[in-house]
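Read in order, the letters of the sequence shown are residues 1 to 456 in my numbering.
Scroll down for the structure; my scribbles are underneath it.
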Amino acid sequence: MASVKGPSADIKHVFRGTFIHSTHKAPLQILEDSLLGVDAEGKIAFLEEGLKLSHLQQTFGFTPSQITQLSQHEFLMPGLVDTHIHAAQYCYAGTGLDLPLLEWLNTYTFPAESRFKELDFANNVYTKVVKRTLRNGTTTACYFATIHTDASLLLCQITNDLGQRALVGKVCMDRNNSVKHYKETTQESQEESCRFIAELVNKKYPLVKPVVTPRFALSCSGPLLGQLGAIAKNNNLHIQSHISENPAEVNLVKEIFPEADSYAEVYHKYNLLTDKTVMAHGCYLSEKELALFRETGTSLSHCPNSNISLCSGILDVRKVLKHKVKLGLGTDVAGGYSASMLDAVRKALDLSKILTIQDPEYNTLTFEEVFRLATLGGSQALALDDQTGNFEVGKDFDALRVNVAVPGGPIDMVECNGPKIMLEKFLNLGDDRNIVEVFVAGRKVVPFVEPNQAVL
Ligand code: GUN
Ligand code: FE
């Protein structure tokens, strides 16, 4: 009799060592001396105790040579999910942080984004931002591009080629009085959105999806918002935008849309709040608006670096979680100056501590909770949690191999600490030097394989 074969006998790779991830029940689950198998489709086939090795070998039919043993200072964790990043704004990241939101958009953002009409410039910036984020452990990114359809399609191609999971949005805006040529007519915006979606879907990139992207209520007319809501609904697509980031913006929305009861109601009226919508910021959302988010399944992207850098506001994460609104973290480059999700983790913790300084009774976020926001929370916020976010069997293998004691790295390990301390040190002190390998859907995407370097 032939031995019993498992559901997927074609195991491509097995890791043995420490695994750290979040589940719905626990912000931190630590599995020491465990075995994780990745199948030929890049999916997680099993995650079991190391003691079960021979049983797993029999069931799945892999050989000892397929097993990678992690060292004492290493662990595997899920890839980081950046729920809000402007790929084009990477060209001026780290500069121009001296103005509040609306002035910042007019002075720095729109002139910079208008340069993406040139495909050579777009190619250069987009390649750099995708490589930089991948190297820093972002396995999934939700990108804003610019209003230019062809450059936005180029961003899709680059994320596909470099192997990052991504939602990519061609930005829509038919209102902008500051940089005259950086806007579309309502009809152009609608037609080019349809072209972007159709051409991207046609490419059949396995990990790259379109996201309908009205920039925000102030840069879109009511008719355009309505058309974009209809496009998303008719094609069951993701939606992303900004909401309630800064007080001047909130007041202007009230002026321009006097018929709406609130900022959230503006989007709701045009069918833009759905269970595949992610809205960035939300610092000034009322309890009623958060209830509407919960009702519609809309999620929030918390972008702490940006909220500090543009002096926009402080999101009360506890209030959002109390309303059971799905929540992830975003870098919001270039309002946020860092493209690293580790920075977003630190700034989210810092802001929570500032709320505690203001009110000592405040229930400060823990690093375990913020770790969950950066991984599983982000995948839920992007409605991709059936594919990524943690090491549940059946999900894609999106993972970081972290070595906290990598030679020449930023962390000095004085003694041999347990995995929880290793994670805490990595989150607070680590950088891309500690992320020795990055996997997306089972494919090793970091270190990069140069095109002229043959894979043996
Ligand atoms: N609101 C509208 N556009 C933008 C943008 O590009 N960045 C940020 N942070 N907020 C916005
Ligand atoms: Fe943004």
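Every residue, glycine too, gets a C-beta built ideally from N, C-alpha and C.
Source: prediction; values computed, not measured.
Tell me whether residue i sits in a helix, a strand or coil according to DSSP, three-state version.
{"i": "Gly50", "result": "helix"}
{"i": "Phe426", "result": "helix"}
{"i": "Glu437", "result": "strand"}
{"i": "Phe121", "result": "helix"}
{"i": "Ser299", "result": "strand"}
{"i": "Met341", "result": "helix"}
{"i": "Val445", "result": "strand"}
{"i": "Asp350", "result": "helix"}
{"i": "Glu450", "result": "coil"}
{"i": "Ser286", "result": "coil"}
{"i": "Gly330", "result": "coil"}
{"i": "Glu74", "result": "strand"}
{"i": "Asp161", "result": "helix"}
{"i": "Arg175", "result": "coil"}
{"i": "Leu382", "result": "coil"}
{"i": "Ser189", "result": "helix"}
{"i": "Ser469", "result": "What is shown of the chain runs 1 to 456, which leaves residue 469 out entirely."}
{"i": "Leu154", "result": "helix"}
{"i": "Asp39", "result": "strand"}
{"i": "Pro210", "result": "strand"}
{"i": "Asp432", "result": "helix"}
{"i": "Leu310", "result": "coil"}
{"i": "Ile44", "result": "strand"}
{"i": "Ile30", "result": "strand"}
For residue i, which residues of its own chain have a beta-carbon under 6 Å away from its beta-carbon, when the five flanking residues on both sides are left out?
{"i": "Gly169", "result": "Phe144, Val211, Thr213, Gln240"}
{"i": "Val460", "result": "Given a span of 1 to 456 for the chain in the structure shown, any question on residue 460 remains unanswerable."}
{"i": "Asp332", "result": "His84, Cys303, Ser306"}
{"i": "Asp271", "result": "The sequence given here places Asn at residue 271; Asp does not occur at that position. Correct list, in chain order: Gly229, Lys233."}
{"i": "Asn136", "result": "Ser340, Asp432"}
{"i": "Leu273", "result": "Tyr267, Thr296, Thr298"}
{"i": "Phe117", "result": "Residue 117 is actually Lys in this sequence, not Phe. Answer for Lys117: His148, listed in chain order."}
{"i": "Gly42", "result": "Asp396, Phe397, Ala441, Gly442"}
{"i": "Thr68", "result": "Phe15"}
{"i": "Val345", "result": "Val370, Ala374, Leu427"}
Between which two residues does the alpha helix (DSSP H) harbouring residue i extend?
{"i": "Ile15", "result": "For the record, residue 15 in the displayed sequence is Phe; it is not Ile. No alpha helix (DSSP H) contains Phe15, which is instead part of the beta strand (DSSP E) from 11-21."}
{"i": "Lys233", "result": "222-235"}
{"i": "Tyr143", "result": "Note, Tyr143: premise wrong, no alpha helix (DSSP H); beta strand (DSSP E) at 138-144."}
{"i": "Leu101", "result": "101-104"}
{"i": "Ser241", "result": "Ser241 -> not in any alpha helix (DSSP H); beta strand (DSSP E) instead, spanning 238-243."}
{"i": "Leu80", "result": "From DSSP, Leu80 is part of no alpha helix (DSSP H) but of the beta strand (DSSP E) over 80-86."}
{"i": "Arg318", "result": "317-322"}
{"i": "Val370", "result": "367-372"}
Given that a residue counts as buried once 16 or more other Cβ atoms are within 10 Å of its Cβ, and exposed if not, what is residue i?
{"i": "Pro111", "result": "exposed"}
{"i": "Ala26", "result": "exposed"}
{"i": "Thr380", "result": "It is Gln, not Thr, that sits at residue 380 in the sequence shown. So Gln380 counts as buried."}
{"i": "Lys209", "result": "buried"}
{"i": "His86", "result": "buried"}
{"i": "Gly389", "result": "buried"}
{"i": "Ser338", "result": "buried"}
{"i": "Cys283", "result": "buried"}
{"i": "Glu369", "result": "buried"}
{"i": "Lys183", "result": "buried"}
{"i": "Thr95", "result": "exposed"}
{"i": "Lys462", "result": "Since the first residue of the chain shown is 1 and the last is 456, residue 462 is not available in this structure."}
{"i": "Asn403", "result": "buried"}
{"i": "Glu245", "result": "buried"}
{"i": "Gly394", "result": "exposed"}
{"i": "His24", "result": "exposed"}
{"i": "Thr63", "result": "exposed"}
{"i": "Lys353", "result": "exposed"}
{"i": "Val497", "result": "Because the chain here runs from 1 to 456, residue 497 falls outside it and cannot be looked at."}
{"i": "Lys204", "result": "exposed"}
{"i": "Gly408", "result": "exposed"}
{"i": "Glu289", "result": "buried"}
I'd like to know whether the C-beta of residue i is nearer than 8 Å to at least one C-beta of chain C.
{"i": "Leu101", "result": "Going by chain labels, chain C is absent from the structure shown, which holds only one protein chain."}
Considering only residues of the same chain and omitting the five flanking positions on each side of residue i, which have a CB-CB separation below 7 Å?
{"i": "Leu384", "result": "Thr140"}
{"i": "Glu249", "result": "Leu101, Leu102, Leu218"}
{"i": "Val253", "result": "Ala217, Leu218, Tyr263, Val266"}
{"i": "Cys311", "result": "Pro100"}
{"i": "Phe367", "result": "Leu349, Glu424, Leu427"}
{"i": "Leu321", "result": "Leu327"}
For residue i, I'd like the list of residues in its chain whose CB is within less than 8 Å of its CB, leaving aside the five on either flank, ordered along the chain.
{"i": "Val179", "result": "Asn106, Phe110, Pro111, Ser114"}
{"i": "Ile256", "result": "Ala217, Leu218"}
{"i": "Leu429", "result": "Pro410, Ile411"}
What residue range does the beta strand (DSSP E) around residue i cover?
{"i": "Ala280", "result": "277-281"}
{"i": "Asn403", "result": "399-403"}
query: Under a criterion of Cβ closer than 6 Å to any non-hydrogen atom of the ligand FE, which residues qualify, in chain order?
result: Around the ligand FE, the residues whose beta-carbon falls short of 6 Å from at least one of its heavy atoms are His84, His86, His242, Ala280, Asp332, Gly335, given in chain order.
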